[in-house]
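Peer 1:
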Amino acid sequence: MLRLKEIITKFRFIFAILLISGSLQAQEEISDYVEEEVLVDTSAEYIKDYRAGVKLADSGEYNKAWPVFKKIIKNHPDFYQAYVEIAYIYYKLERFDEAEKNIIKAEKIRPLSFEALKVKGMIYFDTKDYPAAKIALDSAVAVSKIKKIDDPELYYYQAQLMYVGKSYKEAILTLIAALDWKPNYLEAIKLKSEIRYVMKDYNRAIPELDEAIKAMPEKEMDYYYYKMRAISKFNIKDYKGSIKDWSIVIDNDPKDEESYTFRGNAKINIGDNSGAIADFDKAIDLNSRNPVNYCHRGIAKNQNKSYVEALKDMDMAIKLKFNYAEAYFRRACIKLNSKDKAGACDDLSKAESLGDPDAHKYFDRFCRVN
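Heads up, the sequence shown is in our numbering, so the first residue is 15 and it goes up one at a time.
And the structure:
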């Protein structure tokens, strides 16, 4: 990919800086430039071909659309819109270098084209050149306001950029704007629910995840959204609801280890220790090297008063992860239940040194000598 300074002309760079500075005079001059329309004969044959090509590209028939735009460029080399469409096709095919080259050609003909700025921002976002993506998308937003263009996809990409930058509240507001224009915009609905989840705003995340799951076609279902909803429900102590969602995920993918782990934890919280043990058994069958599954199966066995078996699980968890603070704390609890106070105090001391949040309190209660 070419570096940003190699592809932005002096005029466009000044435009971006002036947008940030908020100079009214500059914005008025830019507005006059942007609002100049390039006159074309809309009845011309190549315009009809262009519109047909756009329909093909929008329907994903890129192999048919591409030669249409190439033919237009051959006969009308200054028709920048064709370059933008070719760039978009290359972008969808993830051929980002070719996409960028065609956007540069379009901008040489027509700087400050809304569609060119938008597609350029999309290219840079997907190639993780976030500073360049921000300049392009912010510029596209400025042009859209001048030209009174309502484009929810632009705001969706801007929200994605905010999400990457952890500006979660701004991203949510931007997605709300996108959904005001296009209420059934699935990608925006999905992203908003995901951001709520990442923000740990679980009470809001759950209904938004409900909406995203309901809106997704069954054949295109992304079960990651069930996972986010299951974890959200767990965190608001809706353990039965969490179990239900994990069961849906497991039905779709019976070899998903983490789903058994999470469902097992939810079952512990409703007192279904035998059910939890069965889930951890399955998780261990799928991955015998994960110490978490042994630790949590040991918790369930301890609650079932199977202390010997519970200790074996904790020993294995610590063998797999020697600095596993929770496992030392949980093993101490099992030893207390089996009347091994000395062993429990050794484990509590170790757990405390490793930073377990509960170990200090238990050590003071059971082991501290006054």
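Glycine included, each C-beta is placed from N, C-alpha and C at the ideal position. Computed from a predicted model, the values in this text were never measured in an experiment.
If Arg311 and Asp327 are in contact, beta carbons under 8 Å, what's the gap, nearest whole angstrom?
Peer 2: 5 Å
Peer 1: Between Ser352 and Tyr321, how many whole angstroms is the CB-CB distance? I'm expecting something under 8 Å.
Peer 2: Confirmed, Cβ separation roughly 5 Å.
Peer 1: What residue from Leu151, Ile123, Asn89 and Asp140 has the CA that sits closest to Thr188's CA?
Peer 2: Leu151
Peer 1: Within this structure, are the beta carbons of Arg243 and Asp259 separated by less than 7 Å?
Peer 2: yes
Peer 1: Excluding the 5 residues preceding and the 5 following Leu325 in the sequence, name in chain order all residues of the same chain whose CB lies nearer than 7 Å to its CB.
Peer 2: Only Arg345 and Ile348 meet the Cβ criterion.
Peer 1: Go to Ile117, then tell me how far its alpha helix (DSSP H) extends in each direction, as first and last residue.
Peer 2: Taken as a continuous stretch (DSSP letters only), the alpha helix (DSSP H) holding Ile117 covers Phe110 to Ile123.
Peer 1: Give the straight-line distance between the Cα atoms of Val263 and Tyr237, rounded to the nearest whole angstrom.
Peer 2: Val263 and Tyr237: Cα-Cα distance of roughly 6 Å.
Peer 1: Can you tell me which of Glu75, Asp92, Tyr105 and Gln174 puts its alpha carbon nearest to the alpha carbon of Ile123?
Peer 2: When only C-alpha atoms are compared, the closest one is Asp92.
Peer 1: Which value, in whole angstroms, describes the spacing of the CA atoms of Arg277 and Phe128?
Peer 2: Looking at the backbone, the Cα of Arg277 and that of Phe128 are separated by about 48 Å.
Peer 1: Taking C-alpha atoms, which residue in Asp267, Asn279, Lys228 and Pro268 lies nearest to Lys247?
Peer 2: Asn279
Peer 1: With respect to the alpha helix (DSSP H) encompassing Gly179, which residues constitute its N-terminal and C-terminal limits?
Peer 2: Run containing Gly179: none; DSSP gives neither H nor E here.
Peer 1: Smallest Cα separation from Asn316: which of Ala58, Leu350, Leu300 and Val98?
Peer 2: Leu350
Peer 1: I need the straight-line Cα distance from Asn318 to Gly289, nearest angstrom please.
Peer 2: 11 Å
Peer 1: Determine, using beta carbons only, whether Asn116 and Ile100 come nearer to each other than 7 Å.
Peer 2: yes
Peer 1: Check the C-beta distance from Ala331 over to Pro305 and give it rounded, since I have them as a contact under 8 Å.
Peer 2: 4 Å
Peer 1: Looking only at C-alpha atoms, which of Leu300, Cys359, Glu366 and Tyr342 sits nearest to Val383?
Peer 2: Cys359
Peer 1: Using beta-carbon positions only, say whether Ala250 and Tyr216 come within less than 7 Å of one another.
Peer 2: The displayed chain sequence assigns Ile, not Ala, to residue 250. Yes. Within cutoff.
Peer 1: Answer yes or no: do Ala185 and Ala192 have a C-beta to C-beta separation smaller than 7 Å?
Peer 2: no
Peer 1: Start and end of the alpha helix (DSSP H) containing Glu199?
Peer 2: Reading the sequence as shown, one finds Tyr at residue 199 and not Glu. That residue, Tyr199, is in no alpha helix (DSSP H); it is neither H nor E in DSSP.
Peer 1: With respect to the alpha helix (DSSP H) encompassing Phe276, which residues constitute its N-terminal and C-terminal limits?
Peer 2: Element bounds for Phe276: Glu271 to Asn283.
Peer 1: For Tyr60, which residues from the same chain have a beta carbon less than 6 Å from its beta carbon, with the 5 sequence-adjacent residues on both sides left out?
Peer 2: Ile86 and His90
Peer 1: So for Glu208, helix, strand or coil by DSSP?
Peer 2: Residue state, collapsed to three classes: helix.
Peer 1: Can you give me the start and stop residues for the alpha helix (DSSP H) that Val68 sits inside?
Peer 2: Glu59 to Asp72
Peer 1: Measure how close the beta-carbons of Phe110 and Ile137 come, nearest whole angstrom, since I'm counting them as under 8 Å.
Peer 2: By a beta-carbon distance limit of 8 Å, Phe110 contacts Ile137. Their separation comes to about 6 Å.
Peer 1: Helix, strand or coil for Phe336 per DSSP?
Peer 2: coil
Peer 1: Quick check on the burial criterion: 16 or more other C-beta atoms within 10 angstroms. Buried or exposed for Ile257?
Peer 2: buried
Peer 1: At what residues does the alpha helix (DSSP H) containing Asp360 begin and finish?
Peer 2: Lys355 to Ser367 is the extent of the alpha helix (DSSP H) around Asp360.
Peer 1: Indicate the three-state DSSP secondary structure (helix, strand or coil) for Phe377 in the structure shown.
Peer 2: helix
Peer 1: Taking just the CA atoms, how far does Glu272 sit from Ile245?
Peer 2: 11 Å
Peer 1: In chain order, which continuous runs of the alpha helix (DSSP H) of length 4 or greater are located wholly inside the stretch 219-268?
Peer 2: 238-249 and 253-266
Peer 1: By the three-class DSSP mapping on this structure, what secondary structure does Glu323 have?
Peer 2: helix
Peer 1: Is it the case that the Cβ atoms of Phe336 and Ala373 are separated by a distance below 7 Å?
Peer 2: no
Peer 1: How many Å lie between Phe380 and Lys355 at the Cα?
Peer 2: 8 Å
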